[in-house]
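**Student:**
Number of protein chains: 2
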Amino acid sequence: MKRLRNENVDLDVADLKILRLLEKDARTSTAELARAVGLSAPSVAERIRKLQENGVIEAYTVRINPAALGLKLSAWLRIRPVPGQLAVVAGIIRELPEIAQCDRVTGEDCFIALAHVGSVAELERVIDKIIPYAMTNTAIIQSSPIEPRSPLGGLRER
Amino acid sequence: MKRLRNENVDLDVADLKILRLLEKDARTSTAELARAVGLSAPSVAERIRKLQENGVIEAYTVRINPAALGLKLSAWLRIRPVPGQLAVVAGIIRELPEIAQCDRVTGEDCFIALAHVGSVAELERVIDKIIPYAMTNTAIIQSSPIEPRSPLGGLRER
DNA sequence: GCTGAAATAATAAGCCG
DNA sequence: CGGCTTATTATTTCAGC
Numbered sequence: 001m002k003r004l005r006n007e008n009v010d011l012d013v014a015d016l017k018i019l020r021l022l023e024k025d026a027r028t029s030t031a032e033l034a035r036a037v038g039l040s041a042p043s044v045a046e047r048i049r050k051l052q053e054n055g056v057i058e059a060y061t062v063r064i065n066p067a068a069l070g071l072k073l074s075a076w077l078r079i080r081p082v083p084g085q086l087a088v089v090a091g092i093i094r095e096l097p098e099i100a101q102c103d104r105v106t107g108e109d110c111f112i113a114l115a116h117v118g119s120v121a122e123l124e125r126v127i128d129k130i131i132p133y134a135m136t137n138t139a140i141i142q143s144s145p146i147e148p149r150s151p152l153g154g155l156r157e158r
Numbered sequence: 001m002k003r004l005r006n007e008n009v010d011l012d013v014a015d016l017k018i019l020r021l022l023e024k025d026a027r028t029s030t031a032e033l034a035r036a037v038g039l040s041a042p043s044v045a046e047r048i049r050k051l052q053e054n055g056v057i058e059a060y061t062v063r064i065n066p067a068a069l070g071l072k073l074s075a076w077l078r079i080r081p082v083p084g085q086l087a088v089v090a091g092i093i094r095e096l097p098e099i100a101q102c103d104r105v106t107g108e109d110c111f112i113a114l115a116h117v118g119s120v121a122e123l124e125r126v127i128d129k130i131i132p133y134a135m136t137n138t139a140i141i142q143s144s145p146i147e148p149r150s151p152l153g154g155l156r157e158r
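First to last, the sequence lines map onto chains W and B. In terms of the UniProt record's numbering, the first sequence has 31 at position 31, counting the first letter as 1, and numbering is strictly consecutive. In terms of the UniProt record's numbering, the second sequence has 89 at position 89, counting the first letter as 1, and numbering is strictly consecutive.
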């Protein structure tokens with residue numbers, strides 16, 4: 001059977017199919033997953049348990065539409081702390097609830113952060129918290145060519 | 001009772017609490033949610049149904065750790081199509097399974113995209129698909145000061 | 001990994017403020 | 001209309017193989 005091997009995990013095609021179905025709808029019942037992969041419900045439940053245990057499945061969550069709640073403005077902020085202030089900036093980012101996502105990256109921008117706000121005024125308040133310690137560059141999201149989708153897309157069988 | 005009003009939705013504190021609990025764990029039972037907000041299970045189920053209906057809850061999904069599956073390299077790509085090629089680039093992005101997220105943004109970069117790959121060679125292949133039609137800037141993710149978190153953070157009561 | 005039973009949880013119906 | 005209780009159905013979990 002086709003497999004994906006890594007130091008941590010060794011998935012077969014049934015595991016992959018389960019993951020893909022759960023990504024599409026995390027509430028799919030084990031009975032339905034079982035039907036899809038040709039196993040029994042308890043076997044599927046046990047596989048899911050192991051996928052959680054080894055860290056493949058990090059969390060079950062709901063995707064929320066910020067715009068439906070009045071957060072109609074979303075922006076990507078590239079953030080370049082002034083020398084010596086990187087940790088301070090990281091701390092500020094953690095304290096800003098408007099920032100939903102943030103990664104430390106290579107290159108001249110040290111952080112790239114996603115903010116959801118209700119207005120330009122609120123965006124300004126976010127930027128103003130950061131700007132004493134960093135140069136920032138703000139790009140307003142206009143649309144999305146793709147919906148957030150699976151990181152499994154990058155998988156190649158080896 | 002405290003409320004959040006928008007043209008689409010009118011949430012009370014119970015709805016918000018339900019959303020926050022579901023974000024933390026989408027498999028929390030309605031009985032447990034009911035206990036948390038002081039309502040009965042059927043009432044909670046009905047509120048969840050409406051949150052889906054009006055588009056606040058977009059999807060139930062699992063968060064997957066790409067690194068656990070061997071996709072140990074993630075990168076943000078800023079993409080600036082050459083004049084006239086924006087739609088072509090958008091099409092290429094849609095066809096690249098390694099790209100898990102992408103937004104069209106204001107500013108000199110038209111797109112900002114997240115790719116998960118297994119190696120630098122795979123990253124190069126992704127970039128090579130785009131580069132005939134756009135200028136790109138790639139920033140490798142080193143770490144994340146925050147875990148992906150709720151867009152609800154930006155909410156202010158009005 | 002399977003089957004079958006027991007425990008839990010989700011859903012539907014009917015009723016009340 | 002939104003919520004509650006009870007009854008029914010579905011799902012998850014556990015035991016033994």
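The beta carbon of each residue, even a glycine, is placed where N, CA and C say it ideally should be.
1. Count the other CB atoms, across all protein chains shown, that sit within 10 Å of the CB of residue 18 of chain B; report buried if there are 16 or more and exposed otherwise.
2. Quick check on the DSSP output: the beta strand (DSSP E) that includes residue 103 of chain B runs from which residue to which?
3. Mind listing, in chain order, the continuous beta strand (DSSP E) runs of no fewer than 3 residues lying wholly within the stretch 82-158 of chain W?
4. What does the alpha-carbon distance come out to for the pair residue 42 of chain W and residue 146 of chain W?
5. Rank B:80, B:103, B:13, B:111 by C-alpha distance to the C-alpha of residue 36 of chain B and give the top, closest one.
6. Enumerate in chain order the residues of its own chain whose CB-to-CB distance from residue 66 of chain W is below 6 angstroms, with the five nearest sequence positions on each side excluded.
7. Any chance you could list the alpha helix (DSSP H) runs of at least 4 consecutive residues sitting entirely within the stretch 13-86 of chain B, in chain order?
8. What residues in the stretch 131-147 of chain W have a beta carbon less than 8 angstroms from any beta carbon of chain B?
9. Distance check for residue 73 of chain B and residue 44 of chain W, CA to CA, integer angstroms please.
10. Can you check whether the CB of residue 97 of chain W is closer than 8 angstroms to the CB of residue 89 of chain W?
11. CB residue 142 of chain B to CB residue 104 of chain W, shorter than 8 angstroms?
12. Closer than 7 angstroms by C-beta to residue 134 of chain W: which residues in its own chain qualify, once you throw out the five before and the five after it? Chain order, please.
13. Relative to chain B, which residues along the stretch 15-27 of chain W have a C-beta separation below 7 angstroms, given in chain order?
14. Look at the Cβ atom of residue 160 of chain B, then the Cβ atom of residue 3 of chain W, and state whether they are nearer than 8 angstroms.
15. Ignore the nearest five residues each way along the sequence and tell me which others in residue 102 of chain W's own chain have a CB closer than 8 angstroms to its CB.
16. Along the stretch 82-102 of chain W, what residues have a CB closer than 9 angstroms to any CB found in chain B?
17. What does the alpha-carbon distance come out to for the pair residue 15 of chain W and residue 30 of chain B?
18. Any residues in the stretch 106-129 of chain B with a beta carbon nearer than 8 angstroms to a beta carbon of chain W? Which ones, in chain order?
19. Would you call residue 132 of chain B buried or exposed, if buried means 16 or more other Cβ atoms sit within 10 Å of its Cβ?
20. So, is the C-beta of residue 32 of chain W closer than 8 angstroms to a C-beta in chain B?
21. Given a cut-off of 8 angstroms, decide if residue 60 of chain W and residue 62 of chain B are closer than it, judged by their beta-carbon atoms.
22. Would you verify that the beta carbon of residue 153 of chain W is, or is not, closer than 8 angstroms to some beta carbon of chain B?
23. Measure from the C-beta of residue 69 of chain B to each C-beta in chain W and report whether the shortest distance is under 8 angstroms.
24. Exposed or buried, residue 70 of chain W, counting other C-beta atoms within 10 Å across all chains shown (16 or more means buried)?
25. List, in order along the chain, the chain B residues whose C-beta lies closer than 9 angstroms to that of residue 13 of chain W?
26. At least one CB of chain W closer than 8 angstroms to the CB of residue 59 of chain B: is that the case?
27. Around the C-beta of residue 109 of chain B, are 16 or more other C-beta atoms found within 10 angstroms, so that it is buried, or is it exposed?
28. Distance check for residue 129 of chain W and residue 95 of chain W, CA to CA, integer angstroms please.
**Tutor:** Answer, in terms of the structure:
1. buried
2. 99-105
3. 99-105, 111-117, 134-146
4. 35 angstroms
5. B:13
6. 116
7. 13-24, 30-37, 41-53
8. 137, 138, 139, 140, 141, 142, 143, 144, 145, 146
9. 29 angstroms
10. no
11. yes
12. 79, 80, 81, 82, 85, 89
13. 19, 22, 23, 25, 26, 27
14. For residue 160 of chain B there is no data in the structure shown, the boundaries of chain B being 1 and 158.
15. 93, 111, 112, 113, 114
16. 89, 90, 91, 93, 94, 96, 97, 98, 99, 100, 101, 102
17. 28 angstroms
18. 106, 107, 109, 111, 112, 115, 116, 117, 118, 122
19. exposed
20. no
21. yes
22. yes
23. yes
24. buried
25. Chain B residues near residue 13 of chain W: none, gap ~14 angstroms exceeds 9 angstroms.
26. yes
27. buried
28. 10 angstroms
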